[in-house]
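A.B. asks:
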Amino acid sequence: MPVLVIAEHDNASLKGATLNTVAAARQLSMFTDGQVHVLVAGSQSAAAAEAAAQIEGVAQVLHADGAALAHGLAENVAAQVLALQDNGASGYSHILFPATACGKNVAPRVAAKLDVAQISDITKVVSADTFERPIYAGNAIATVQSGDAPKVITVRTTGFDAAAATGGSATVETAAVTADAGKSSYVGSEIAKSDRPELTAAKIIVSGGRALGSKEKFDEIITPLADKLGAAIGASRAAVDAGYAPNDLQVGQTGKIVAPQLYIAAGISGAIQHLAGMKDSKVIVAINKDPEAPIFSVADYGLEADLFTAVPELASQI
Numbered sequence: 013m014p015v016l017v018i019a020e021h022d023n024a025s026l027k028g029a030t031l032n033t034v035a036a037a038r039q040l041s042m043f044t045d046g047q048v049h050v051l052v053a054g055s056q057s058a059a060a061a062e063a064a065a066q067i068e069g070v071a072q073v074l075h076a077d078g079a080a081l082a083h084g085l086a087e088n089v090a091a092q093v094l095a096l097q098d099n100g101a102s103g104y105s106h107i108l109f110p111a112t113a114c115g116k117n118v119a120p121r122v123a124a125k126l127d128v129a130q131i132s133d134i135t136k137v138v139s140a141d142t143f144e145r146p147i148y149a150g151n152a153i154a155t156v157q158s159g160d161a162p163k164v165i166t167v168r169t170t171g172f173d174a175a176a177a178t179g180g181s182a183t184v185e186t187a188a189v190t191a192d193a194g195k196s197s198y199v200g201s202e203i204a205k206s207d208r209p210e211l212t213a214a215k216i217i218v219s220g221g222r223a224l225g226s227k228e229k230f231d232e233i234i235t236p237l238a239d240k241l242g243a244a245i246g247a248s249r250a251a252v253d254a255g256y257a258p259n260d261l262q263v264g265q266t267g268k269i270v271a272p273q274l275y276i277a278a279g280i281s282g283a284i285q286h287l288a289g290m291k292d293s294k295v296i297v298a299i300n301k302d303p304e305a306p307i308f309s310v311a312d313y314g315l316e317a318d319l320f321t322a323v324p325e326l327a328s329q330i
């Protein structure tokens with residue numbers, strides 16, 4: 013039986029989380045001997061569908077294009093997924109969503125309608141029915157097994173290397189669009205534009221913590237280094253709660269989960285909540301004047317120094 017991935021996109025292009033989810037689906041397909049299919053549900057989203065067809069390892073793209081799917085309303089996308097599951101010759105053995113805000117909004121609805129338990133935040137595929145997922149803020153890994161059919165799964169994208177965006181040659185088939193459920197409507201959105209990379213997709217992140225003391229100091233110390241490195245800016249929950257940085261920059265268990273090539277933590281003590289969001293980073297650099305700070309336990313490189321001196325010096329040398 014094939015495995016279905018629900019693509020996350022903006023109608024023009026795919027989000028990076030889709031590539032990580034396809035990677036998880038490809039691992040699953042080795043156990044199920046099935047193909048990997050991708051659903052692109054949107055409006056005027058032909059470009060996103062074509063991009064999905066280029067992903068290495070994808071056999072078929074199902075393109076549902078209609079006004080009801082323009083803004084990814086959870087009720088309508090869930091109905092589209094359920095229609096595919098019902099209309100398939102044998103259905104899908106697994107339905108995978110990225111564990112993002114969008115995926116977490118749709119997946120529970122699909123699971124509830126199918127009367128199965130959702131398997132959340134998987135980081136490893138053990139077999140067709142067994143998976144690993146983090147619990148207790150990532151301090152323990154649970155191995156979970158499910159006998160449900162189909163299996164509805166959300167994928168923690170930092171747990172899987174992204175599938176290659178090119179090299180594939182999947183067919184694109186048009187799927188019948190389900191009617192608008194009429195349970196919600198799109199009112200509007202305010203999109204913040206930035207020249208910086210998006211936090212969850214950035215290869216380099218510079219994060220600041222409560223030790224910076226104020227929003228002015230946060231901007232004065234963190235921004236120049238991020239500019240020099242072409243990095244995204246992150247913040248600890250304490251810094252966000254204190255008003256030093258906006259909520260969408262929060263890294264951690266209740267913020268964004270990231271795994272960049274380089275993560276620089278300046279003035280961040282390393283509370284469990286924060287570590288849960290960034291400890292999968294490839295290289296971690298910690299700058300803190302407290303030698304007992306927990307951040308040093310996960311850091312590849314640690315600098316015991318005053319960040320107000322060390323960070324500007326570092327930026328000046330780049």
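Residue numbers (our numbering): 13 to 330.
By construction, the Cβ of each residue, glycine as well, lies at the ideal position given by its N, Cα and C atoms.
Taking the continuous beta strand (DSSP E) assigned at D133, which residues delimit it?
C.D. replies: As a first step, residue 133 is located in the sequence shown; it is residue number 121 there, counting from the start. 130 to 134 is the span of the beta strand (DSSP E), which, as asked, contains D133.
A.B. asks: Start and end of the alpha helix (DSSP H) containing E232?
C.D. replies: As a working note, residue 232 is residue 220 in the sequence shown. It spans 227 to 241 - the alpha helix (DSSP H) in which E232 sits, taken as one unbroken run.
A.B. asks: Given this structure, state the Cα-to-Cα distance separating R222 from T190, to the nearest angstrom.
C.D. replies: Along the sequence shown, read from residue 1 onward, the residue named residue 222 stands at position 210. Along the sequence shown, read from residue 1 onward, the residue named residue 190 stands at position 178. Approximately 48 Å, taken between the alpha carbons.
A.B. asks: Three-state secondary structure (DSSP) at D312?
C.D. replies: Here residue 312 is taken as the residue at index 300 of the sequence shown, counted from 1. Reduced to three states, the DSSP call for D312 is coil.
A.B. asks: Specify, as a first and last residue, the run of the alpha helix (DSSP H) that T142 falls within.
C.D. replies: For the purposes of this step, residue 142 is taken as the residue at position 130 of the sequence shown. Unbroken run through T142 is the beta strand (DSSP E), 142 to 147; no alpha helix (DSSP H).
A.B. asks: Does the Cβ-Cβ distance between A8 and R145 come in under 7 Å?
C.D. replies: This structure does not reach residue 8, given that the chain is present from 13 up to 330, and the question cannot be answered.
A.B. asks: Looking at the structure shown, is N151 part of a helix, part of a strand, or coil, going by DSSP?
C.D. replies: Mapped onto the sequence shown, residue 151 falls at position 139. Correct three-state label for N151: coil.
A.B. asks: So, using beta-carbon positions, are A244 and A214 closer together than 7 Å?
C.D. replies: If you number the sequence shown from 1, residue 244 lands on position 232. If you number the sequence shown from 1, residue 214 lands on position 202. Yes, Cβ-Cβ distance for A244 and A214 is below 7 Å.
A.B. asks: Can you find the residues in the same chain that come closer than 6 Å, C-beta to C-beta, to M42, ignoring five residues on each side of it along the sequence?
C.D. replies: The residue given as residue 42 occupies position 30 in the sequence shown. Answer for M42: no residue qualifies.
A.B. asks: Thinking C-beta only, is V263 closer than 7 Å to V270?
C.D. replies: Position 258 of the sequence shown, counted from the first residue, corresponds to residue 270. Position 251 of the sequence shown, counted from the first residue, corresponds to residue 263. Closer than 7 Å, so yes.
A.B. asks: Please classify Q265 as buried or exposed, where buried requires at least 16 neighbouring CB atoms within 10 angstroms.
C.D. replies: By one-based count along the sequence shown, residue 265 stands at place 253. So Q265 counts as buried.
A.B. asks: Using the Cα positions of T183 and S197, report the straight-line distance between them to the nearest angstrom.
C.D. replies: Within the sequence shown, residue 183 is the residue found at index 171, counting from 1. Within the sequence shown, residue 197 is the residue found at index 185, counting from 1. Across the structure, T183 and S197 are spaced so that their CA atoms are roughly 32 Å apart.
A.B. asks: Evaluate the contact criterion for the segment 61 to 73 versus the segment 18 to 36: three or more CB pairs, one atom per stretch, below 8 Å.
C.D. replies: As far as the Cβ criterion goes, the segment 61 to 73 touches the segment 18 to 36, which means the pair count is three or higher.
A.B. asks: By alpha-carbon positions, which one of A53, A322, D231 ends up nearest to T186?
C.D. replies: By 1-based counting over the sequence shown, the position of residue 186 is 174. Here the closest residue by C-alpha is A53.
A.B. asks: Secondary structure at A29, three-state DSSP: helix, strand or coil?
C.D. replies: For the purposes of this step, residue 29 is taken as the residue at position 17 of the sequence shown. Here A29 sits in helix by DSSP.
A.B. asks: With a CB to CB cut of under 6 Å and the five nearest residues on each side skipped, what residues in its chain are close to M290?
C.D. replies: On the sequence shown, residue 290 is found 278 positions in, with the first residue counted as 1. Answer for M290: V263, V270, Y275, listed in chain order.
A.B. asks: Who does Q157 pair with in a DSSP beta bridge?
C.D. replies: Residue numbering aside, residue 157 sits at position 145 when the sequence shown is read from its first letter. DSSP, once it has assigned bridges, lists T142 as partnering Q157.
A.B. asks: Quick check on E112: does DSSP put it in helix, strand or coil?
C.D. replies: Locating residue 112 in the sequence shown gives position 100, counting from the first residue. Looking at the sequence shown, residue 112 is not Glu but Thr. Three-state result, T112: coil.
A.B. asks: Check whether the segment 65 to 85 and the segment 128 to 140 are in contact - that is, three or more C-beta pairs closer than 8 Å.
C.D. replies: The segment 65 to 85 vs the segment 128 to 140: no contact.
A.B. asks: In whole angstroms, what is the alpha-carbon distance linking V15 and S201?
C.D. replies: Here the question's residue 15 lines up with position 3 in the sequence shown. Here the question's residue 201 lines up with position 189 in the sequence shown. So the alpha carbons of these two residues sit roughly 32 Å apart.
A.B. asks: Could you pull the start and end residues of the alpha helix (DSSP H) that T166 belongs to?
C.D. replies: Counting from 1 along the sequence shown, the entry for residue 166 is found at position 154. No alpha helix (DSSP H) contains T166, which is instead part of the beta strand (DSSP E) from 163 to 167.
A.B. asks: Just to confirm the assignment, what range does the beta strand (DSSP E) spanning T178 have?
C.D. replies: Residue numbering aside, residue 178 sits at position 166 when the sequence shown is read from its first letter. Premise fails: T178 is in no beta strand (DSSP E) and is neither H nor E.
A.B. asks: Since A24 and A60 are thought to touch, with beta carbons under 8 Å apart, how far apart are those beta carbons, to the nearest angstrom?
C.D. replies: Taking the sequence shown and counting its residues from 1, one reaches residue 24 at position 12. Taking the sequence shown and counting its residues from 1, one reaches residue 60 at position 48. Confirmed, Cβ separation roughly 6 Å.
A.B. asks: Pull up the distance between the alpha-carbon of L108 and that of L319, whole angstroms please.
C.D. replies: Along the sequence shown, one-based indexing puts residue 108 at 96. Along the sequence shown, one-based indexing puts residue 319 at 307. So the alpha carbons of these two residues sit roughly 42 Å apart.
A.B. asks: By DSSP's criteria, G220 is part of a beta bridge. Which residues make up the other side?
C.D. replies: For this step, residue 220 is matched to residue 208 along the sequence shown. In the DSSP output, where bridge partners are listed per residue, G220 has A247, A278.
A.B. asks: Tell me where the alpha helix (DSSP H) around L326 begins and ends.
C.D. replies: By 1-based counting over the sequence shown, the position of residue 326 is 314. Run containing L326: 319 to 328, per the alpha helix (DSSP H) assignment.
A.B. asks: Quick one: complete alpha helix (DSSP H) runs, 4+ long, within the segment 53 to 123?
C.D. replies: DSSP assignment within the segment 53 to 123 yields the following whole alpha helix (DSSP H) runs of 4 residues or more, N-terminal first: 58 to 65, 86 to 99.
A.B. asks: Taking a contact to mean a Cβ-Cβ separation below 7 Å, would you say I8 touches K229 in this structure?
C.D. replies: Because residue 8 is not part of the residues shown, which for the chain are 13 to 330, the question remains open.
A.B. asks: In the DSSP assignment, what are the bridge partners of N300?
C.D. replies: Along the sequence shown, read from residue 1 onward, the residue named residue 300 stands at position 288. Answer is E316, bridged to N300.
A.B. asks: Over what stretch of residues does the beta strand (DSSP E) that includes I18 continue unbroken?
C.D. replies: Walking along the sequence shown from the start, residue 18 turns up at place 6. Segment 15 to 18, the beta strand (DSSP E) holding I18.
A.B. asks: So what's A262 in DSSP terms, helix, strand or just coil?
C.D. replies: For the purposes of this step, residue 262 is taken as residue 250 along the sequence shown, with counting starting at 1. What sits at residue 262 in the sequence shown is Gln, not Ala. In the three-state scheme derived from DSSP, where H, G and I count as helix and E and B as strand, Q262 is classed as strand.
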